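Residue numbers (this note's numbering), protein chains in the order written: chain W, 62 to 252; chain A, 62 to 252; chain G, 62 to 252; chain C, 62 to 252. Ideal placement from N, C-alpha and C gives every residue a C-beta, glycine not left out. If you're wondering where the values come from, they're calculated on a predicted model, not measured in any experiment. Please read the structure below before turning to the comments.
Protein chains: 4
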Amino acid sequence: MVVHTGNRYGRSEEARRNVLQEADDLVVAVGLEATTIEEIARRAGVAKQTIYRWWRDKNAVLLDVVIRDTELTLDLPDTGSLPGDVTQMCANLTDFLIHDDAGAVLLSLRAQAITNRAFGEVFRTRFWQGQVAREQEPLRRAVGRRELPDDTDIDHLRLRIVGPLYAAAEEGLLDRGFAREHSRAVLAALG
Amino acid sequence: MVVHTGNRYGRSEEARRNVLQEADDLVVAVGLEATTIEEIARRAGVAKQTIYRWWRDKNAVLLDVVIRDTELTLDLPDTGSLPGDVTQMCANLTDFLIHDDAGAVLLSLRAQAITNRAFGEVFRTRFWQGQVAREQEPLRRAVGRRELPDDTDIDHLRLRIVGPLYAAAEEGLLDRGFAREHSRAVLAALG
Amino acid sequence: MVVHTGNRYGRSEEARRNVLQEADDLVVAVGLEATTIEEIARRAGVAKQTIYRWWRDKNAVLLDVVIRDTELTLDLPDTGSLPGDVTQMCANLTDFLIHDDAGAVLLSLRAQAITNRAFGEVFRTRFWQGQVAREQEPLRRAVGRRELPDDTDIDHLRLRIVGPLYAAAEEGLLDRGFAREHSRAVLAALG
Amino acid sequence: MVVHTGNRYGRSEEARRNVLQEADDLVVAVGLEATTIEEIARRAGVAKQTIYRWWRDKNAVLLDVVIRDTELTLDLPDTGSLPGDVTQMCANLTDFLIHDDAGAVLLSLRAQAITNRAFGEVFRTRFWQGQVAREQEPLRRAVGRRELPDDTDIDHLRLRIVGPLYAAAEEGLLDRGFAREHSRAVLAALG
DNA sequence: TAGTAAACGAGACGGTACGTCGCGTCTTTCG
DNA sequence: CGAAAGACGCGACGTACCGTCTCGTTTACTA
Numbered sequence: 062m063v064v065h066t067g068n069r070y071g072r073s074e075e076a077r078r079n080v081l082q083e084a085d086d087l088v089v090a091v092g093l094e095a096t097t098i099e100e101i102a103r104r105a106g107v108a109k110q111t112i113y114r115w116w117r118d119k120n121a122v123l124l125d126v127v128i129r130d131t132e133l134t135l136d137l138p139d140t141g142s143l144p145g146d147v148t149q150m151c152a153n154l155t156d157f158l159i160h161d162d163a164g165a166v167l168l169s170l171r172a173q174a175i176t177n178r179a180f181g182e183v184f185r186t187r188f189w190q191g192q193v194a195r196e197q198e199p200l201r202r203a204v205g206r207r208e209l210p211d212d213t214d215i216d217h218l219r220l221r222i223v224g225p226l227y228a229a230a231e232e233g234l235l236d237r238g239f240a241r242e243h244s245r246a247v248l249a250a251l252g
Numbered sequence: 062m063v064v065h066t067g068n069r070y071g072r073s074e075e076a077r078r079n080v081l082q083e084a085d086d087l088v089v090a091v092g093l094e095a096t097t098i099e100e101i102a103r104r105a106g107v108a109k110q111t112i113y114r115w116w117r118d119k120n121a122v123l124l125d126v127v128i129r130d131t132e133l134t135l136d137l138p139d140t141g142s143l144p145g146d147v148t149q150m151c152a153n154l155t156d157f158l159i160h161d162d163a164g165a166v167l168l169s170l171r172a173q174a175i176t177n178r179a180f181g182e183v184f185r186t187r188f189w190q191g192q193v194a195r196e197q198e199p200l201r202r203a204v205g206r207r208e209l210p211d212d213t214d215i216d217h218l219r220l221r222i223v224g225p226l227y228a229a230a231e232e233g234l235l236d237r238g239f240a241r242e243h244s245r246a247v248l249a250a251l252g
Numbered sequence: 062m063v064v065h066t067g068n069r070y071g072r073s074e075e076a077r078r079n080v081l082q083e084a085d086d087l088v089v090a091v092g093l094e095a096t097t098i099e100e101i102a103r104r105a106g107v108a109k110q111t112i113y114r115w116w117r118d119k120n121a122v123l124l125d126v127v128i129r130d131t132e133l134t135l136d137l138p139d140t141g142s143l144p145g146d147v148t149q150m151c152a153n154l155t156d157f158l159i160h161d162d163a164g165a166v167l168l169s170l171r172a173q174a175i176t177n178r179a180f181g182e183v184f185r186t187r188f189w190q191g192q193v194a195r196e197q198e199p200l201r202r203a204v205g206r207r208e209l210p211d212d213t214d215i216d217h218l219r220l221r222i223v224g225p226l227y228a229a230a231e232e233g234l235l236d237r238g239f240a241r242e243h244s245r246a247v248l249a250a251l252g
Numbered sequence: 062m063v064v065h066t067g068n069r070y071g072r073s074e075e076a077r078r079n080v081l082q083e084a085d086d087l088v089v090a091v092g093l094e095a096t097t098i099e100e101i102a103r104r105a106g107v108a109k110q111t112i113y114r115w116w117r118d119k120n121a122v123l124l125d126v127v128i129r130d131t132e133l134t135l136d137l138p139d140t141g142s143l144p145g146d147v148t149q150m151c152a153n154l155t156d157f158l159i160h161d162d163a164g165a166v167l168l169s170l171r172a173q174a175i176t177n178r179a180f181g182e183v184f185r186t187r188f189w190q191g192q193v194a195r196e197q198e199p200l201r202r203a204v205g206r207r208e209l210p211d212d213t214d215i216d217h218l219r220l221r222i223v224g225p226l227y228a229a230a231e232e233g234l235l236d237r238g239f240a241r242e243h244s245r246a247v248l249a250a251l252g
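This is the structure:
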């Protein structure tokens, strides 16, 4: 594979990687609002214009960070049963939010989508719809397997599962124990 | 009550009210990030300095908006039983988040507390701790009444109750039906 | 006289003076093209926005430098005769172009008016028309005194007088001797 | 003559011609300052690098435009007498400055040499010294013919002849009538 | 007649300065 | 002495060109 350094045939892979990396680091270090394009550029050893050439703004850069990392982490295998899938999903999401730098970025972007309308639209279209679909998948499969009734309100159930996890993460109360306990409680209620 | 217009005897009540009102309106109209102190001042017919004299920044103004309105709305009476309290709390919170302008501001500030570290600290200290206490109250009372076991993890339960509501509000899926259905499901799981 | 430092009742005199001074110095030091607004601001201890608040751009700043200094220097007294006036005018213009920092700025702006169309328009309207009038004045007076015929082509004569001075200044050939010799030759031709 | 389109054995004649042509046109159309290398390249159908391969910068391109055209136009024949030579020189210079596109470029570069020090040096060395020599030539010949005294200050006389023409051109007052009138007046003064 | 090396088009890159926006501070004058 | 008005220093924004670079193509001579 040929690595381009920036010419008519493609952008610089190195620049792209550095920008994503430093943007991620900065958000983790100082928070999203204090993160600036100029500082990302400075730390990535990249010209500001190189960032603007490929991304609309700071949020778009971070969206790429999240998209890259979530697709690796949050696409979960079919364990064959609803309890297994839900437990797995809670564990995965928890690990991502707590241990992965991109998890912190995700929480920030989810917040940014609320305070910035234009970005909210982009966030939902480019990322959140997919994330919602990922979160619905185990439930749809369970309906297919007759583990859940046909008329199950998928979104409501989905929010009962993940809502507390996001809320706990925002309050700093999320950890693996919380996730374990939570999936147990949710599954008990379904039983 | 004497209304000052700004002199040696105290601040102008009118200015204070206008600022809070216009700040609220602006957040609802254009979102928190697009809301600026200069525009608030312009629309409130108030000098920028008058805002800075009484509030640290934009977020502090909005925090006052939320504090004023939550204390009226979300302090719920003791209905005498856990099911009644939980149902009431979900209904109240839902109404606040959906129908009250200050509810939109609250969602925005909750988001801002994530992206802006310094404000996060203030938000937690000045508002969120109180809100958490309000949300815990029905559960503590239920423990007192022996409706819940002594070793109940209050915070976990609290997040299982309100987490989905906040998450649903952020996704635009929250309405009274959702709240009713949700409190029913949560209570069933506790039964 | 009250010296304002920047408030609703007027701009900061100090800022204005510093900007004009440093702009002048910079042009003399590094040339007009290498002079930047950012460097002027830095050296004047002034915010960039403060410059943009009062001047359209770098050229406008320098135009003010020139206007301020030419009006003091180049408005010449009526000596009572054409030879006296012309000699005086050549001497004054020469001294200004050679010894006054603003003279260097004038030569630069005269050049800038050629390479930048929009500024050319401003330069002619705000300064050069006045300068032309000043240069014509002695000749008009001479016509009034019957020292020159009624049908004298004022502009042509004016350019025969000052054209060589500007050209010599641009080539670095201008000095007091040149000016003295030049006015003598021009007057001899008129005699 | 072989026309190369760009290969190891030489540069592309077509590219060279197009660049000079479009640079010239652009300066005439929008002025020197608004003329950019990128726009020249775009209009000439040439890569930016092709320009930088052969010229240091925009000014160097335009200097070539002027050099090419002045050498054709401004090298004047010996008419045999000072009056003939001076009249001819004024007429030629006037025609060049007014009717030839390269004349507009020359006025711009003469201006640029003032505002940009580095280019000023290049301009003088590569072009202006030669132009000065061309302008001196008729006067030197006249000294040789004893039409002018041995101790004539050539440069001063030269500036008295061409200075008003350049100044008039810059003010938009130059035309053939002005040139004719001017050479007559200058010669009368010498008579 | 295929190989090869220079010039080419295209355009991404690291930079610098631009002109704008909003921040939070300040000073003046008025009521 | 609080308020209106608004200038100020500051810092980040997003843009425009600069001059440099690398890529893959074209083309004229060479072996």
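Checklist entry - What are the boundary residues of the alpha helix (DSSP H) that includes Val127/G? => result 119-134
Next on the checklist: Against chain A, does Leu220/W count as a neighbour if the rule is that its beta carbon must be under 8 Å from one of theirs?
Outcome noted: yes
Next on the checklist: What residue range does the alpha helix (DSSP H) around Leu209/C cover?
Outcome noted: Counting along the chain, Leu209/C falls outside any alpha helix (DSSP H), and DSSP gives it neither H nor E.
Item to check | Whole-number beta carbon distance between Leu168/A and Ala230/A, since they are thought to touch under 8 Å | outcome: 6 Å
Item to check | Secondary structure of Gly106/A, DSSP reduced to three states | outcome: coil
Next on the checklist: Which same chain residues end up closer than 7 Å to Ala108/A when comparing Cβ atoms and leaving out the 5 residues on each side of it in sequence?
Outcome noted: Ala102
Item to check | Backbone secondary structure at Gly233/W - three-state DSSP | outcome: coil
Next on the checklist: If you follow the alpha helix (DSSP H) that Phe180/G is in, where does it begin and where does it stop?
Outcome noted: 178-184
Next on the checklist: Output needed for Trp116/C: all residues of its chain with C-beta closer than 6 Å, excluding positions within five of it in sequence on either side, in chain order.
Outcome noted: Val122
Next on the checklist: Given a cut-off of 8 Å on the beta-carbon distance, is the pair Ala246/W and Ala250/A in contact?
Outcome noted: yes
Next on the checklist: Could you give the first and the last residue of the continuous alpha helix (DSSP H) run that contains Thr140/C?
Outcome noted: No alpha helix (DSSP H) holds Thr140/C; DSSP gives it neither H nor E.
Item to check | Chain-ordered chain A contacts of His243/W [CB-CB under 9 Å] | outcome: His217, Leu220, Arg221
Checklist entry - From Leu248/C to Asp161/C, what distance separates their C-alpha atoms? => result 26 Å
Checklist entry - If the cut is a Cβ gap below 9 Å, which residues of chain G does Arg178/C touch? => result Val91, Gly92, Glu94, Ala95
Checklist entry - What do you get for Asp146/W, buried or exposed, if any count of 16 or more other CB atoms within 10 angstroms of its CB means buried? => result buried
Checklist entry - For Arg210/W, is the classification buried or exposed, using 16 other Cβ atoms within 10 angstroms of its Cβ as the cut-off for buried? => result The sequence given here has Pro at residue 210/W, not Arg. Counting Cβ neighbours within 10 Å, Pro210/W comes out exposed, since fewer than 16 surround it.
Next on the checklist: I'd like to know if Glu231/A contacts chain W, where contact means its C-beta is closer than 8 Å to some C-beta of that chain.
Outcome noted: yes
Checklist entry - On the three-pair Cβ rule with 8 Å, is the stretch 198-205 of chain A touching the stretch 210-220 of chain W? => result no
Item to check | Within chain A, partners of Gly164/W - CB distance below 7 Å | outcome: Result: empty, since nearest Cβ-Cβ is about 12 Å, beyond 7 Å.
Next on the checklist: Given this structure, state the Cα-to-Cα distance separating Met62/G from Ser244/G, to the nearest angstrom.
Outcome noted: In this prediction, Met62/G scores a pLDDT of 36, lower than 50, which makes its location untrustworthy; the coordinate-derived value is nonetheless stated afterwards. Straight-line Cα distance between these residues: approximately 43 Å.
Checklist entry - Going along chain W in order, which residues have a C-beta closer than 7 Å to the C-beta of Ile175/A? => result Leu168, Ser169, Ala172, Glu231
Checklist entry - What distance in whole Å lies between the Cβ atoms of Leu235/A and Ile128/A, which are believed to be in contact at a cut-off of 8 Å? => result Not really, about 22 Å apart at Cβ, beyond 8 Å.
Checklist entry - If we cut at 8 Å on Cβ distances, does Ala105/G have a partner in chain C? => result no
Checklist entry - For Gly71/W, does the three-state DSSP call read helix, strand or coil? => result strand
Checklist entry - Sorted by chain position, which residues of the same chain lie with C-beta nearer than 6 Å to Val89/C's C-beta, five sequence neighbours on each side aside? => result Asp162, Ala165
Checklist entry - Should Phe188/G be flagged as near chain C, meaning a C-beta pair shorter than 8 Å? => result no
Next on the checklist: Please tell me whether Phe157/G has its Cβ less than 8 Å away from any Cβ of chain C.
Outcome noted: no
Next on the checklist: Please state the DSSP three-state secondary structure of Gly164/G.
Outcome noted: helix
Checklist entry - With DSSP run on the structure shown, which of helix, strand or coil describes Glu94/A? => result coil
Checklist entry - Would you call Arg77/A buried or exposed, if buried means 16 or more other Cβ atoms sit within 10 Å of its Cβ? => result buried
Checklist entry - How big is the Cα-Cα spacing for Gly141/G and Ala84/G? => result 38 Å
Checklist entry - Just the Cα atoms here: how many angstroms apart are Ala95/A and Val193/W? => result 27 Å
Item to check | Alpha-carbon to alpha-carbon, Arg185/G and Ala174/G | outcome: 8 Å
Next on the checklist: Can you find the residues in the same chain that come closer than 7 Å, C-beta to C-beta, to Pro144/C, ignoring five residues on each side of it along the sequence?
Outcome noted: Leu248
Next on the checklist: Pop quiz: Gly224/W and Pro225/A are said to be a contact at Cβ under 8 Å. What is the actual Cβ separation, rounded to whole angstroms?
Outcome noted: 3 Å
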